[in-house]
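S.K.: Going line by line, the protein sequences match chains A and B.
All residue numbers for the first sequence refer to numbering that gives the first Met the number 0, where the first residue is 0 and numbers rise by one.
All residue numbers for the second sequence refer to numbering that gives the first Met the number 0, where the first residue is 0 and numbers rise by one.
Take this structure, written in structure tokens, and hold onto it; I'll ask about it next.
Number of protein chains: 2
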Amino acid sequence: MASPAFLPRLLPARLRALPTTFTVLFVLRWLLLAALVGALAGTASAGFLVALEAVTTWREAHPWALALLPVGGLLVGLAYHHFGNRVVKGNNLILDEIHAPGELIPLRLVPLVLGGTLVTHLFGGSAGREGTAVQMGGALADQLSRWLPRRERRLLLIAGMSAGFASVFGTPLAGAVFGLEVFLLGSMRYEAILPSFLAAVVADAVTRAWGVGHTPYPELASMPLTALGLGCALLAGALFGLTASGFATLTHGLSKQFGRIGYAPLRPVLGGVLVAASMWALGTSRYEGLGVPVIVEAFGHPLPIQDFALKLALTALTLGAGFKGGEVTPLFFIGAALGSALAGVLPLPVALLAGMGFVGVFSGAANTPLACLLMGLELFGTHAGIYLGISCVVAYLFSGHSGIYTAQVIGQAKH
Amino acid sequence: MASPAFLPRLLPARLRALPTTFTVLFVLRWLLLAALVGALAGTASAGFLVALEAVTTWREAHPWALALLPVGGLLVGLAYHHFGNRVVKGNNLILDEIHAPGELIPLRLVPLVLGGTLVTHLFGGSAGREGTAVQMGGALADQLSRWLPRRERRLLLIAGMSAGFASVFGTPLAGAVFGLEVFLLGSMRYEAILPSFLAAVVADAVTRAWGVGHTPYPELASMPLTALGLGCALLAGALFGLTASGFATLTHGLSKQFGRIGYAPLRPVLGGVLVAASMWALGTSRYEGLGVPVIVEAFGHPLPIQDFALKLALTALTLGAGFKGGEVTPLFFIGAALGSALAGVLPLPVALLAGMGFVGVFSGAANTPLACLLMGLELFGTHAGIYLGISCVVAYLFSGHSGIYTAQVIGQAKH
């Protein structure tokens with residue numbers, strides 16, 4: 000237990016020595032800091048979600064925008080090339096700073112990732128939004144670390160990631176645990192549990208206070224555990240985990256291939272050409288952007304199997320080439336679409352399988368099974384909780400010892 | 000990643016070397032083991048809950064039974080004195096074996112803790128039931144470890160605790176995480192995540208398949224986060240944590256005092272005299288046994304403040320003297336009653352405060368904030384999840400670096 004940074008001198012020595020006094024001071028300090036982090040990250044997420052909505056609506060009304068994706072790629076590439084520097088590492092930069100604190104995360108990360116993500120979505124790239132929110136949350140939170148003892152900077156970065164995640168998806172509990180869970184694979188440390196929870200609930204409340212809502216998903220019906228149901232859940236979970244691992248491998252592999260183009264700004268240009276050409280050849284806008292309408296569709300009836308595969312390939316191509324936004328919403332799409340397609344062969348309800356895939360693929364890709372379970376409970380209710388839990392845990396096991404975040408450190412082998 | 004214990008020889012070397020093959024074998028092996036553990040623990044919990052119900056009904060119809068509590072104490076004391084040996088350590092024995100594997104947990108733990116708990120409840124002691132279920136689950140699971148490689152015994156014990164907890168409370172997700180969370184304070188390791196989840200969901204399903212139900216609690220209403228609400232939640236959480244710490248300190252202190260009586264079987268005799276005399280002097284059976292009706296009452300209207308304090312004192316006395324059953328359901332009582340009483344002074348709904356106390360005090364006492372949050376979501380729904388989460392996290396911080404389980408090892412300081 001470390002000595003809190005302020006106030007203690009005002010207290011008599013006897014009171015100061017009580018463990019409870021330390022805890023009170025810790026809680027008060029972090030209430031203040033987390034409220035600040037939450038207000039900053041929640042406001043950033045609100046603005047981001049509104050802009051993303053506007054950009055998506057505009058793109059849907061102007062399908063020809065896809066043709067400009069290579070130009071968008073050039074813009075993103077040039078911006079990161081000239082102003083990016085360390086910032087190009089994205090989520091991994093924040094994870095690196097949690098593990099090995101170095102320099103302050105530059106504030107220019109915020110406009111870069113925000114602009115890069117909006118451009119990516121404006122021209123129809125297949126990408127997400129959690130990367131943007133998590134990076135904005137982490138970078139904004141880190142600005143407060145100038146005035147804090149060095150050892151508390153870790154907590155601030157974790158709280159910032161939690162706040163970004165919580166507010167962009169409207170899932171405060173999942174956000175809180177995501178920040179705690181994401182930087183280590185195979186174990187969790189609780190030192191940041193209060194900062195994470197406070198920042199997450201405040202950020203979510205702030206985003207909602209700005210009048211920004213989130214996609215509602217259907218509440219899953221209760222489903223008793225049967226031997227057949229358990230077998231299906233294990234099989235589906237394994238497929239979700241292998242899909243997650245396939246996505247991570249493909250994205251990293253494509254990123255490496257694009258890395259062979261010496262002049263970095265040309266990478267997203269080529270990527271944009273490939274993505275736009277593929278989508279044009281497919282003759283559908285189904286795989287552009289976040290793909291929220293398809294995610295919702297997945298809960299209603301079994302989707303064709305190619306939906307998950309095409310979204311996976313196009314997202315890996317978009318992100319591997321250097322476009323921005325993150326991979327989580329596409330992973331929701333990939334998982335929900337795969338689960339939905341599995342309803343054609345497995346005797347479980349389509350909505351249940353879609354929900355299991357939604358959280359399962361993400362659990363395997365990010366190696367965050369408990370955050371994903373909480374997300375499932377927050378979005379789909381508790382009635383099908385055991386199926387969501389099994390999906391997240393089995394997918395986590397099957398995705399292997401790497402994932403979408405290369406800076407994640409292995410705390411412990413999975414089994 | 001260790002080599003699985005069976006099957007691999009049947010596979011060609013190339014297939015055997017794939018990480019996915021290891022995972023498949025791991026999952027299949029643990030599906031079998033967890034199904035066995037779940038079936039054993041779930042059946043034990045079902046029988047225990049039915050017997051506990053019968054014993055409680057009989058006691059409620061025969062209030063004079065309280066006068067025999069010292070005799071019951073003698074029975075429990077003699078049984079543990081002559082057959083107990085290591086087994087008297089209860090939950091802590093299982094935690095010790097997880098940390099430093101020694102001898103197999105003797106199967107006679109099961110009849111001893113089962114009989115001891117039923118006698119405790121028959122004569123009106125104030126005790127719980129999770130200790131019994133968790134110990135039965137752990138001891139039954141450990142019998143399977145005779146046929147397993149040594150390193151997997153840990154996983155089996157953790158899965159057994161999860162299965163016992165899940166099935167006795169009807170909360171499979173909380174049970175799964177409880178087993179993972181309870182043996183370390185301040186951090187969590189995921190190596191047993193699959194065994195825990197599988198054993199917990201199977202055990203819960205088996206208990207339900209035996210036709211044994213659980214107390215339904217009201218679904219908590221949605222409650223947006225406000226500054227006032229957050230302040231109240233922090234204050235309530237702090238009180239829940241201090242209460243948990245007070246309960247643990249009092250129970251350990253009383254246990255030490257009773258330890259000064261050289262002949263162990265006399266300890267619960269004296270304890271029985273003191274508990275029965277106190278309850279007789281109070282003129283109410285309100286604090287006998289589990290106290291489930293009072294817990295339910297706490298959600299309906301604010302309870303008087305003495306309810307929580309008297310239950311705390313009488314439970315500490317009952318368990319400190321050597322009666323059996325565990326402390327969790329009384330902790331639910333203490334927390335729900337304290338939360339309910341706080342509704343008289345804090346501007347939050349009484350049901351919300353009761354629910355926050357229910358999970359909060361237990362979170363502080365057992366140092367298991369995430370299991371308690373999941374329990375809250377499973378019992379009270381997700382609408383008030385952020386308040387439940389803050390209560391569990393803040394109570395966890397305020398309860399200090401010890402708790403009801405002395406064999407819990409500090410994985411990391413709380414802050």
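All C-beta atoms in this analysis are idealised placements derived from N, C-alpha and C, irrespective of residue type, glycine included.
Should A/His251 be flagged as near chain B, meaning a C-beta pair shorter than 9 angstroms?
M.R.: Chain B, which has no Cβ nearer than 9 angstroms to the Cβ of A/His251, makes this no.
S.K.: In its own chain, which residues sit with a C-beta less than 8 angstroms from the C-beta of B/Ile409, not counting the 5 before and 5 after it?
M.R.: Contacts found: Leu183, Leu184, Gly185, His400.
S.K.: So what's B/Leu184 in DSSP terms, helix, strand or just coil?
M.R.: Reduced to three states, the DSSP call for B/Leu184 is strand.
S.K.: On the DSSP letters alone, give me the boundaries of the alpha helix (DSSP H) that B/Val360 sits inside.
M.R.: Looking at the DSSP string, the run of the alpha helix (DSSP H) that includes B/Val360 is 349 to 365.
S.K.: Using the DSSP secondary-structure output, state which residues sit across from B/Val408 in a beta bridge.
M.R.: Per DSSP, B/Leu183.
S.K.: Could you check how far apart the C-beta atoms of A/Glu377 and B/Thr381 are, in whole angstroms? I think they sit under 8 angstroms.
M.R.: About 6 angstroms; that satisfies the 8 angstroms criterion.
S.K.: So the alpha helix (DSSP H) B/Ala43 belongs to, where does it begin and stop?
M.R.: It spans 18 to 60 - the alpha helix (DSSP H) in which B/Ala43 sits, taken as one unbroken run.
S.K.: What residues in the segment 381 to 392 of chain A bring their beta carbon closer than 7 angstroms to a beta carbon of chain B?
M.R.: Against chain B - using a Cβ distance shorter than 7 angstroms - the residues of the segment 381 to 392 of chain A are Thr381, Gly384, Ile385, Gly388, Ile389, Val392.
S.K.: Given that a residue counts as buried once 16 or more other Cβ atoms are within 10 Å of its Cβ, and exposed if not, what is A/Tyr262?
M.R.: With fewer than 16 other Cβ atoms within 10 Å, it is exposed.
S.K.: Are A/Gly363 and A/Gly319 touching if we call contact CB-CB under 9 angstroms?
M.R.: No.
S.K.: Have a look at A/Leu31 and A/Ala50 and give me their C-alpha separation to the nearest angstrom.
M.R.: Spanning the two alpha carbons is a distance of roughly 29 angstroms.
S.K.: B/His98 and B/Ala406: beta carbons closer than 9 angstroms?
M.R.: Yes, the pair counts as a contact, with Cβ atoms nearer than the cut-off.
S.K.: Classify B/His61 as buried or exposed, calling it buried when 16 or more other Cβ atoms lie within 10 Å of its own Cβ.
M.R.: By the 10 Å Cβ count, B/His61 comes out exposed.
S.K.: Can you tell me whether B/Met160 is helix, strand or coil according to DSSP?
M.R.: Helix.
S.K.: Please list, in chain order, all residues of the same chain as A/Thr250 whose beta carbon is under 6 angstroms from its beta carbon, the five residues on each side excluded.
M.R.: Excluding positions up to five away in sequence, the list reads Ala315, Leu318, Gly319.
S.K.: By DSSP, does A/His98 sit in helix, in strand, or in coil?
M.R.: Residue state, collapsed to three classes: helix.
S.K.: Going by beta-carbon coordinates alone, are A/Ile428 and A/Leu197 separated by less than 9 angstroms?
M.R.: Here chain A covers residues 0 to 414 and nothing more, so residue 428 of chain A does not appear.
S.K.: Do you know whose CA, among A/Ala191, A/Gly115, A/Arg28, lies nearest A/Leu147's CA?
M.R.: Nearest option by C-alpha distance: A/Arg28.
S.K.: Measure the C-alpha to C-alpha separation of A/Gly37 and A/Leu48 and round it to an integer number of angstroms.
M.R.: C-alpha separation (whole angstroms): 16 angstroms.
S.K.: Would you call B/Leu427 buried or exposed, if buried means 16 or more other Cβ atoms sit within 10 Å of its Cβ?
M.R.: This structure cannot settle anything about residue 427 of chain B, because the visible part of chain B is limited to 0 through 414.
S.K.: Scan the segment 182 to 206 of chain B for residues whose Cβ lies nearer than 8 angstroms to a Cβ of chain A and list them as they occur along the chain.
M.R.: Residues Gly185, Ser186, Met187, Arg188, Tyr189, Glu190, Ile192, Leu193, Phe196, Leu197, Val200, Val201, Asp203, Ala204.
S.K.: Mind checking if B/Ala412 is an interface residue toward chain A, Cβ cutoff 9 angstroms exclusive?
M.R.: Chain A contact via Cβ: present.
S.K.: Taking B/Gly178 and B/Ser166 to be in contact with their CB atoms under 8 angstroms, please state how far apart those CB atoms are, rounded to whole angstroms.
M.R.: Rounded, the Cβ-Cβ distance is 12 angstroms, inconsistent with contact.
S.K.: Residue range of the alpha helix (DSSP H) that B/Val344 falls in?
M.R.: Here B/Val344 belongs to no alpha helix (DSSP H), and DSSP marks it neither H nor E.
S.K.: Alpha carbon to alpha carbon, how far is B/Ala53 from B/Gln134?
M.R.: Roughly 21 angstroms separates the two Cα atoms.
S.K.: In the DSSP assignment, find the unbroken alpha helix (DSSP H) run with A/Arg266 in it and report its ends.
M.R.: Residues 265 to 281.
S.K.: Per DSSP, what kind of secondary structure is A/Ser401 in: helix, strand or coil?
M.R.: Coil, per DSSP.
S.K.: For B/Ala320, go through chain A and note every residue whose CB falls closer than 9 angstroms to its CB, in chain order.
M.R.: Those do not exist, as B/Ala320 stays about 28 angstroms from chain A at its closest Cβ, beyond 9 angstroms.
S.K.: Could you give the uninterrupted runs of the alpha helix (DSSP H) lying entirely in the segment 202 to 271 of chain B, keeping only those of 4 residues or more?
M.R.: Whole alpha helix (DSSP H) segments, 4+ residues: 226 to 257.
S.K.: Could you pull the start and end residues of the alpha helix (DSSP H) that B/Leu318 belongs to?
M.R.: Element bounds for B/Leu318: 305 to 319.
S.K.: Does the count of Cβ pairs from the segment 107 to 121 of chain A and the segment 69 to 86 of chain A closer than 8 angstroms reach three?
M.R.: With a cut-off of 8 angstroms, the segment 69 to 86 of chain A and the segment 107 to 121 of chain A count as touching, because enough Cβ pairs lie within range.
S.K.: I'd like to know whether the C-beta of A/Pro18 is nearer than 9 angstroms to at least one C-beta of chain B.
M.R.: Interface residue, yes.
S.K.: Closest to B/Arg259 by CA distance: which of B/Gly321, B/Phe82, B/Val176, B/Leu345 is it?
M.R.: It is B/Gly321.
S.K.: Look up A/His80 in the DSSP assignment and say whether it is helix, strand or coil.
M.R.: Three-state result, A/His80: helix.
S.K.: In this structure, how does DSSP classify A/Gly89 when only helix, strand and coil are distinguished?
M.R.: Looking at A/Gly89 - three-state DSSP - the assignment turns out to be coil, as it is neither helix nor strand.
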